[in-house]
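Per the working numbering, the sequence shown starts with residue 369, numbered consecutively.
This report refers to the structure that appears directly beneath it.
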Amino acid sequence: MTPGPPASSRVGLSQTDPVVGPQAEVVARIPGAAAHGLVAPPGCPALPAARLADPAWLARLIPQGTTSPRVRATVWWYSASAVLTAPVLAGLAVGRPLSARLEDTTVSLAPDGRPVAAVSAAGHADPVAGLRETLGAVVGALAQVAGMRARPLWAVATDSLANGLLGLGRALGDVAAVTALAAPLAAAVGPPLPAPRYVDVAGTRFTRRVSCCLVDRLPSGATCLSCPRRAPGERQALLESVARGH
Ligand code: SF4
369 MTPGPPASSR VGLSQTDPVV GPQAEVVARI PGAAAHGLVA PPGCPALPAA
419 RLADPAWLAR LIPQGTTSPR VRATVWWYSA SAVLTAPVLA GLAVGRPLSA
469 RLEDTTVSLA PDGRPVAAVS AAGHADPVAG LRETLGAVVG ALAQVAGMRA
519 RPLWAVATDS LANGLLGLGR ALGDVAAVTA LAAPLAAAVG PPLPAPRYVD
569 VAGTRFTRRV SCCLVDRLPS GATCLSCPRR APGERQALLE SVARGH
């Protein structure tokens with residue numbers, strides 16, 4: 369995928385502010401919070417997340433390239449959805465719920481237009497409705513821009529939700545408790561968001577994917593470790609190998 373001009377020059381954004389407010393309390397409770405997309409890297413341009421529901425803005429953020437719009441949009445969403453859902457998942461994981469509404473959220477962009485961190489400016493006792501609105505708005509706009517069906521993008525969001533809670537569970541030292549939030553959260557959001565799934569292999573929990581991120585369609589793309597198209601025996605052997613640290 370060819371990145372094209374830096375996002376900051378394409379869209380003329382200000383720089384991201386430090387994390388303050390309710391998300392700062394959440395960040396303080398999560399070891400290595402920056403690795404979970406919760407802390408804006410210094411110098412990154414900032415974008416009101418509501419822009420992600422605007423097809424014109426999305427068209428500028430999705431990298432240019434020779435692959436199809438469907439591939440480029442899906443790969444972009446695979447990382448963008450992980451970042452966009454990071455605050456709400458982190459808030460739930462530590463019992464300090466944050467708003468998932470686009471209007472309450474700011475995202476930081478890498479030079480290639482990928483969101484790399486998100487900050488929610490508001491707490492919210494029940495963020496489910498906001499999460500449903502956010503995913504629906506961005507998926508709808510992205511499907512329009514890419515000329516593709518929305519359903520595969522909803523599935524990508526499910527895997528981001530599952531991966532996000534798994535990573536937070538590892539950081540907090542309680543994978544079982546934090547990943548147990550995934551299924552009820554997705555059910556509360558409701559269709560067309562598919563149910564997240566996990567699989568335990570050799571004592572280690574992995575996301576059992578429901579989506580295909582299309583990364584192997586990129587010129588430099590490799591086959592995903594947990595690709596649902598792998599033969600079950602091959603996938604199991606690979607996950608065992610990872611679980612055992614080989
Ligand atoms: S390797 Fe599998 S999961 Fe990854 S993009 Fe290709 S088909 Fe999808």
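Heads up, the beta-carbon is just placed ideally off N, CA and C, and yes, glycines get one too.
| Query | Result |
| --- | --- |
| Suppose contacts are defined by Cβ-Cβ distances below 9 Å. Is residue 529 in contact with residue 561 by that definition? | yes |
| With DSSP as the reference, please indicate the residues paired to residue 483 in a beta bridge. | 477 |
| Could you give the uninterrupted runs of the alpha helix (DSSP H) lying entirely in the stretch 522-564, keeping only those of 4 residues or more? | 543-547, 550-557 |
| Taking the beta carbon of residue 547 as the centre, do at least 16 other beta carbons fall within 10 Å, making it buried, or is it exposed? | buried |
| Helix, strand or coil for residue 369? Go by DSSP, reduced to three states. | Only weak support exists for where residue 369 lies, its pLDDT of 42 falling under 50; the value from the coordinates is given anyway. Here residue 369 sits in coil by DSSP. |
| Locate the alpha helix (DSSP H) running through residue 466, then write down its first and last residues. | Counting along the chain, residue 466 falls outside any alpha helix (DSSP H), and DSSP gives it neither H nor E. |
| Give, in chain order, every unbroken run of the alpha helix (DSSP H) that is at least 4 residues long and sits entirely within the stretch 380-430. | 390-396, 423-429 |
| Could you check whether the Cβ of residue 607 sits closer than 8 Å to any heavy atom belonging to ligand 1? | no |
| Just grab the DSSP bridge partners of residue 609 for me. | Answer is none; residue 609 lacks a bridge partner. |
| For residue 593, is the classification buried or exposed, using 16 other Cβ atoms within 10 angstroms of its Cβ as the cut-off for buried? | exposed |
| Distance, Cα to Cα, residue 576 vs residue 526? | 11 Å |
| Could you tell me whether any non-hydrogen atom of ligand 1 is closer than 8 Å to the CB of residue 581? | yes |
| Can you tell me whether DSSP reads residue 579 as helix, strand or coil? | coil |
| Are the beta-carbon atoms belonging to residue 454 and residue 532 less than 9 Å from one another? | yes |
| Buried or exposed for residue 609, going by 16 or more other Cβ atoms inside 10 Å? | exposed |
| Does the beta-carbon of residue 591, which I'm using as the reference point, lie nearer than 8 Å to any heavy atom of ligand 1? | yes |
| Starting from residue 442, trace the alpha helix (DSSP H) both ways and give me its first and last residue. | 437-452 |
| In terms of residue numbering, what span does the alpha helix (DSSP H) encompassing residue 598 cover? | Counting along the chain, residue 598 falls outside any alpha helix (DSSP H), and DSSP gives it neither H nor E. |
| Given this structure, state the Cα-to-Cα distance separating residue 596 from residue 580, to the nearest angstrom. | 8 Å |
| Where does residue 591 fall in DSSP's three states? | coil |
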